[in-house]
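What follows is a short report on a single structure.
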Amino acid sequence: MTRPGAARSGARPSTANRLLSALPTSSLLRLWPQLEPIPLNAHDVIYQSDEPMDAVYFVESGLCSLMTTTREGYGVEAASIGSEGLLGLPVGLGAPTMPVETLVRVKGRALRLGEQAFRRELARDTALRDVVNRYANALLVHLLQSAACNRLHALEARCCRWLLGASDRLDLNAFPVTQELLAGALGVRRPSLTLALRTLQRAGVLSYRRGHVTITDRLKLEASSCECYAVVRNHLERVFRGR
Amino acid sequence: MPVAATPNGANRLLACLAPADYALLLTALEPVDLPSKRVLHARDQPIDHVYFPETAVCSIIAVMESGDAAESGTVGRDGFIGVPVALGGDSAPFDTIVQVPGRALRMSAAKFREYLEVSPSMRSLIERHIQALLVQSFQSTACNRLHPLLQRCCRWLLLTHDRVGSAELLLTHDLLAVMVGVRRPSVTLAVQQLERLGLVAYRRGRLAIRDRKGLEDLCCECYAVVQEHLARLFPPYEMEASATRQT
């Protein structure tokens, strides 16, 4: 794949990744030639659980998921990441493994940066470090909030939270999501999820058909979600206000 | 009480710090006794101090609008309280409270920010602590959703036991209920069951661990996963090296 818009010297490259977009032009220009555009295909596994991470990925579109799987083989999503974020944050923390699997849920594309290059740039570029640090803080908020949410909140509310997050990340009101995927992300059996979706559909919040969800009433969806959606979103927006 | 001129090994991050970097910290550190339930950081409020726990163990707790609360992370002598400050933030949407009373060293958030700029070794230690916290939160996300209460109690007791270093914990049922995210009656039943199994003894706010191996056997894998990652992030030789340095 050729690099998009690498073109004119001095011109600010354009990217859909919000972290890169938050960087000053000089930082972005230095990073740009080192970034390799790659496609994210649905079901691609970006990192296996506990495998060393050899690169980071600035997501430009699509939806990825960090999944924790228990010994019994049940899984639950710890966080989802889209164009607001970065896959492989632990590379920047100096210990690039995680006990979670990172995989692609909805196809898209990303800009890949090798492990060494990422570390080198973090060490010399304070603007990049600031943005990555703020993002790390937001991701930590996301994870800590999810830990409590998974304990305390009802399935329907968590389902709404997930759909709102996905809708924000994809910037779409209608997107593909199978019941199997959603049940897996929420850590429930499929029949329970089917019931939850049916309730939401009857309430006029969304419609669900053949692996596609359409949000029909965004305000109702927000009202049906637990507060965790807003908490996580507010902290995420701080990442981009900070500059 | 003045702060020791060399790390006393009570807080692992400080123990791993290069001697020159520790010397720089000395004047800014202040020993404090932390009573049970003290709120160190209140949610959405500016963080004024960061803490290096020595014998105290603290919890990061998400309190929901309904008033229900659940613990999202445990931090003791293996870690540091004030991650948002290290990452350029000034508050978090969580309460950080003392669950097991004890000692800690604290410093002002402003001084800590300055210090991070000049101490690469502190920055790298804090980064490793953040990584450990990420691992803990990944595991809690799954564990809280998928594992039964009794196993979650075991996980919490084991993690806390490691951090306290004594077999007896000062612990009310109210507090344990928040730690594992259930109502108090359920936690009372769970503790009774652990007592019947001979794993713990509970009396008047004191929980004694009688059979640590038994707790580990009953626990879900989440305890082991978190500990393995912690051991990888902070290899034990660093603790030994710092202990030798003192003598």
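Chains as they are written, first to last, in my numbering: chain A, 72 to 314; chain B, 345 to 591.
Backbone N, C-alpha and C fix where the C-beta goes; we use that ideal spot for every residue, glycine too.
Being a predicted model, the structure only gives us computed values, none of them experimental.
Roughly how many angstroms separate the alpha carbons of residue i and residue j, rounded to a whole number?
{"i": "Ala113 (chain A)", "j": "Ser403 (chain B)", "result": "37 Å"}
{"i": "Asp365 (chain B)", "j": "Cys487 (chain B)", "result": "38 Å"}
{"i": "Ala406 (chain B)", "j": "Glu148 (chain A)", "result": "18 Å"}
{"i": "Phe438 (chain B)", "j": "Gly81 (chain A)", "result": "43 Å"}
{"i": "Val429 (chain B)", "j": "Leu182 (chain A)", "result": "29 Å"}
{"i": "Gly133 (chain A)", "j": "Leu160 (chain A)", "result": "18 Å"}
{"i": "Tyr145 (chain A)", "j": "Thr371 (chain B)", "result": "50 Å"}
{"i": "Cys230 (chain A)", "j": "Asp434 (chain B)", "result": "30 Å"}
{"i": "Val276 (chain A)", "j": "Ser530 (chain B)", "result": "34 Å"}
{"i": "Cys498 (chain B)", "j": "Ala228 (chain A)", "result": "28 Å"}
{"i": "Leu247 (chain A)", "j": "Arg540 (chain B)", "result": "One detail in the question is off: residue 247 (chain A) reads as Pro in this sequence, not Leu. Looking at the two C-alpha atoms, the distance is approximately 50 Å."}
{"i": "Pro95 (chain A)", "j": "Thr504 (chain B)", "result": "44 Å"}
Along chain A, which residues have their Cβ under 8 Å away from the Cβ of residue i?
{"i": "Ala454 (chain B)", "result": "None at all; the shortest Cβ gap to chain A is about 17 Å."}
{"i": "Ile404 (chain B)", "result": "Leu215"}
Three-state secondary structure (DSSP) at residue i?
{"i": "Leu477 (chain B)", "result": "helix"}
{"i": "Thr350 (chain B)", "result": "coil"}
{"i": "Ile391 (chain B)", "result": "coil"}
{"i": "Thr141 (chain A)", "result": "coil"}
{"i": "Asp377 (chain B)", "result": "strand"}
{"i": "Ala364 (chain B)", "result": "helix"}
{"i": "Ala181 (chain A)", "result": "strand"}
{"i": "Cys402 (chain B)", "result": "strand"}
{"i": "Ala575 (chain B)", "result": "helix"}
{"i": "His306 (chain A)", "result": "helix"}
{"i": "Arg356 (chain B)", "result": "helix"}
{"i": "His505 (chain B)", "result": "helix"}
{"i": "Arg382 (chain B)", "result": "coil"}
Check the C-beta distance from residue i over to residue j and give it rounded, since I have them as a contact under 8 Å.
{"i": "Arg556 (chain B)", "j": "Arg421 (chain B)", "result": "The pair is not a contact, with the Cβ atoms about 18 Å apart (cut-off 8 Å)."}
{"i": "Leu469 (chain B)", "j": "Pro375 (chain B)", "result": "So it is not a contact: roughly 20 Å between Cβ atoms."}
{"i": "Val570 (chain B)", "j": "Gln443 (chain B)", "result": "17 Å between Cβ atoms; not a contact."}
{"i": "Cys135 (chain A)", "j": "Arg232 (chain A)", "result": "Going by Cβ atoms, the distance from Cys135 (chain A) to Arg232 (chain A) rounds to 17 Å, so no, they are not a contact pair."}
{"i": "Val401 (chain B)", "j": "Thr418 (chain B)", "result": "7 Å"}
{"i": "Arg593 (chain B)", "j": "Leu368 (chain B)", "result": "This structure gives no information on residue 593 (chain B), because the portion of chain B shown stretches from 345 to 591."}
{"i": "Leu234 (chain A)", "j": "Leu478 (chain B)", "result": "The Cβ separation is near 25 Å, so there is no contact."}
{"i": "Asp196 (chain A)", "j": "Ser98 (chain A)", "result": "5 Å"}
{"i": "Ser416 (chain B)", "j": "Leu226 (chain A)", "result": "Not quite, the Cβ-Cβ distance comes to about 20 Å (not below 8 Å), so this is no contact."}
{"i": "Glu131 (chain A)", "j": "Thr86 (chain A)", "result": "6 Å"}
So residue i contacts chain A; which residues on that side make the cut at Cβ distance below 9 Å?
{"i": "Val383 (chain B)", "result": "Ordered by position in chain A, no residue passes the 9 Å Cβ test against Val383 (chain B), which lies about 16 Å from the chain."}
{"i": "Arg472 (chain B)", "result": "Leu164, Gly165, Ala166"}
{"i": "Met408 (chain B)", "result": "Ala219, Cys220, Leu223, His224, Cys297, Glu298, Cys299"}
{"i": "Pro437 (chain B)", "result": "Val212, Leu215, Gln216, Val302, Val303, Asn305, His306"}
Which chain B residues sit within Cβ distance under 8 Å of residue i?
{"i": "Pro161 (chain A)", "result": "Gln475, Leu478"}
{"i": "Arg191 (chain A)", "result": "By Cβ distance, chain B contributes nothing, its closest Cβ being about 15 Å from Arg191 (chain A), past 8 Å."}
Since residue i meets chain B, which of its residues come closer than 9 Å, beta carbon to beta carbon?
{"i": "Pro170 (chain A)", "result": "Val479, Phe482, Gln483, Val569, Val570, Glu572, His573"}
{"i": "Arg205 (chain A)", "result": "Leu431, Gly432, Gly433"}
Run down chain A in chain order and give the residues with a C-beta less than 7 Å from the C-beta of residue i.
{"i": "Asn488 (chain B)", "result": "Ala218, Asn221, Arg222"}
{"i": "Ser468 (chain B)", "result": "Gly165"}
Quick one: list the residues of chain B neighbouring residue i, beta-carbon separation under 7 Å, in chain order.
{"i": "Leu158 (chain A)", "result": "Near Leu158 (chain A) there are no residues of chain B at all, since even the closest Cβ is about 13 Å away, more than 7 Å."}
{"i": "Arg142 (chain A)", "result": "Glu565"}
At 3 residues or longer, what runs of the beta strand (DSSP E) sit wholly inside the stretch 239-304 of chain A? 245-247, 277-280, 283-286
Which runs of the beta strand (DSSP E) spanning at least 3 residues fall entirely within the stretch 512-546 of chain B, listed in chain order? 512-514
At 3 residues or longer, and completely inside the stretch 415-472 of chain B: list those beta strand (DSSP E) runs for me, N to C. 439-444, 446-452
Every unbroken beta strand (DSSP E) inside the stretch 91-173 of chain A [3 residues or more]: 107-111, 116-118, 126-140, 146-152
For the stretch 194-240 of chain A, list the alpha helix (DSSP H) runs that are entirely contained and at least 4 residues long, ordered along the chain. 197-223
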